[in-house]
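Heads up, the thing below is written out as structure tokens.
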Amino acid sequence: MLMLLETPAGYGLFKLTNDKMLECSAEEVYKYFEDSDTAKSSVCLKSFMKFKNSEDAVKEANCLIESRLGKGLRKFLTKNILNKSLTDELAICDKALGMEIQNKLNINVCFNPKTSEIIRGLRMQFHELVTGLSEEDTRSMALSLSHSLTRFKLKFSPDKVDVMIVQAIGLLDDLDREVNKFGMRLKEWYGWHFPELDKIVSDNLLYAKVVKMIGMRENAKNAKLSDLLPDDVCKEILQASEISMGSEIFKDDLESITELATRLEELLEYRQTLEQYLKYRMNVIAPNLTYMVGELIAARLLSHSGSLMNLAKHPASTVQILGAEKALFRALKTRSNTPKYGIIYHAGLVGQSSPKHKGKISRILAAKLALCVRVDALGESDKPTVALENKKYVENKLVQLLSDGNQKRKLFKPTFNNDKKRILRSGYKLRSVIRLSARSLGAVINDPLVVFCLAPCCVWLCVCPSPWGCSPLLVSPSDSEPLEPMRRSLSGVLSD
1 MLMLLETPAG YGLFKLTNDK MLECSAEEVY KYFEDSDTAK SSVCLKSFMK
51 FKNSEDAVKE ANCLIESRLG KGLRKFLTKN ILNKSLTDEL AICDKALGME
101 IQNKLNINVC FNPKTSEIIR GLRMQFHELV TGLSEEDTRS MALSLSHSLT
151 RFKLKFSPDK VDVMIVQAIG LLDDLDREVN KFGMRLKEWY GWHFPELDKI
201 VSDNLLYAKV VKMIGMRENA KNAKLSDLLP DDVCKEILQA SEISMGSEIF
251 KDDLESITEL ATRLEELLEY RQTLEQYLKY RMNVIAPNLT YMVGELIAAR
301 LLSHSGSLMN LAKHPASTVQ ILGAEKALFR ALKTRSNTPK YGIIYHAGLV
351 GQSSPKHKGK ISRILAAKLA LCVRVDALGE SDKPTVALEN KKYVENKLVQ
401 LLSDGNQKRK LFKPTFNNDK KRILRSGYKL RSVIRLSARS LGAVINDPLV
451 VFCLAPCCVW LCVCPSPWGC SPLLVSPSDS EPLEPMRRSL SGVLSD
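At position 337 of the sequence shown the residue is numbered 337 (UniProt numbering), and the sequence of numbers has no breaks.
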């Protein structure tokens, strides 16, 4: 029996020379590796392949962790087993790796608790069985391999970008709240001196720049506002500054207000930079999802799920109500209507639809988003592929719903006024009308109090209110004549 041993230094192939070891139990294997002499008499080294450098060691170690057959191990087994036409079994400590070796190289593989204990004993006496490798060299190789493998695992890859997206969209939301607070505080603070400016300039960034440029409202005529605002807005600001009802402020007050305006301007500029970064990252990690709903909505969906792979595992029904969990649980608790949309309510395709069609568009959009996310998570393309057709499909559905909504639906109303009078005069009583298909007729004919409407014509089923009963009457409104063939076929059932 041959045994494969994986070490930080390389691969080793050992041959079992003492067959008694296979006859004993797994607990008794340890006595054959108590000392170096006993170990050398029980096993012998057939071949050892040392790794060329740390890069090869990291690649092979990564393959072993994932139970895959690496190039180095394939060459080693082919050279020492297949080329030598050996028919011995190969003991492996990893069952999944052994199955792959057996399938790809057609080598008989053995895996059981006894072979695991034998390989464990080989690791104990490794430095005695393999010459040319000291214990210090092996320890340094193991330390170097562990560091390299850790760097390889933490290496920047598209699989880890979703963590950056989660942090970026969270920071963007925090910036929006802070910018809103700073903007309101700046307008309220400077509004004591120049309250009319808030009604003229509503944008926070422009407002902060105008405050820094004007300072005291008396300096509005000397400020170069034409670089920021149109001429008509500049004239309106000048006119308002001359007749302003604001109070006077001191220079130290103006310095504090200007400092706040500077901080607000810096926050807004950083927000624009962060938004550009988020747009670039979303186009790289999830191009199809970004193409469907935009980078902000896509990032919020990804952040709410935790990662792109978690979002890809969600069905379309879950994607549709992501962000509306509180409303969903409240509806389930109170047994009321569940929400129809969550985060995707803010998507452009849903916003374009009418209020009564938002639920349908949300359901259609969520189904296509689920497909796009799975392509982004498991595919390798950095450009939108399936999203092109999916977005056209949703847009066509939106146009179709809008066109159908503008047209009034014609309701089916049978005209049976004349026939109703004739039926009532004959002693029969018209009880009810139900619109059914021809296939549904056989399921409900046991009820003689039902009036059937069958396409393409209406059939009215009437029964006499007499306590003695009578045969049913089937009337067609098209010719107002009894349908005798159908009456005969149903009379036996209805008489019961």
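Don't be surprised by glycine CBs; every beta carbon is placed ideally from N, CA and C.
- DSSP places Tyr-341 outside both helix and strand once states are collapsed to three, so it counts as coil.
- Leu-105 is positioned such that its CB atom lies no closer than 8 Å to that of Leu-86.
- Counting of Cβ neighbours within 10 angstroms places His-147 among the exposed residues, the total staying below 16.
- In its chain, beyond the 5 residues on either side, no residue has a beta carbon closer than 6 Å to the beta carbon of Gln-400.
- Glu-89 is positioned such that its CB atom lies no closer than 8 Å to that of Met-164.
- In this structure, the straight-line span from the alpha carbon of Ala-286 to that of Val-58 is close to 29 Å.
- Note on Leu-73: 16 or more other CB atoms within 10 angstroms of its CB, so buried under the neighbour-count rule.
- Phe-329 is classed as exposed because its beta carbon has fewer than 16 other beta carbons within 10 Å across all chains shown.
- Under the criterion of beta carbons closer than 8 Å, Leu-311 and Ser-305 qualify as touching, at roughly 4 Å.
- Residue pairing by DSSP places Gly-10 opposite Lys-50 in a beta bridge.
- Check the Cα spacing between Val-284 and each of Ser-354, Glu-128, Val-375: the tightest is with Val-375.
- By the Cβ neighbour-count rule, Arg-217 is buried, with 16 or more other Cβ atoms within 10 Å of its own.
- Within the DSSP bridge table, the entry for Lys-15 names Leu-2, Cys-44 as partners.
- Per DSSP, reduced to three states, the secondary structure at Ala-91 is strand.
- At a Cβ-Cβ threshold of 8 Å, Asn-80 and Lys-114 do not count as neighbours.
- Burial of Thr-290 is indicated by the presence of at least 16 other C-beta atoms within 10 angstroms of its C-beta.
- The beta-carbon separation of Val-293 and Leu-369, rounded to 7 Å, stays under the 8 Å limit for a contact.
- Taking a C-beta distance under 8 Å as the contact criterion, Glu-295 and Leu-278 qualify as a contact pair.
- A direct Cα-Cα distance of roughly 41 Å separates Phe-111 from Leu-371.
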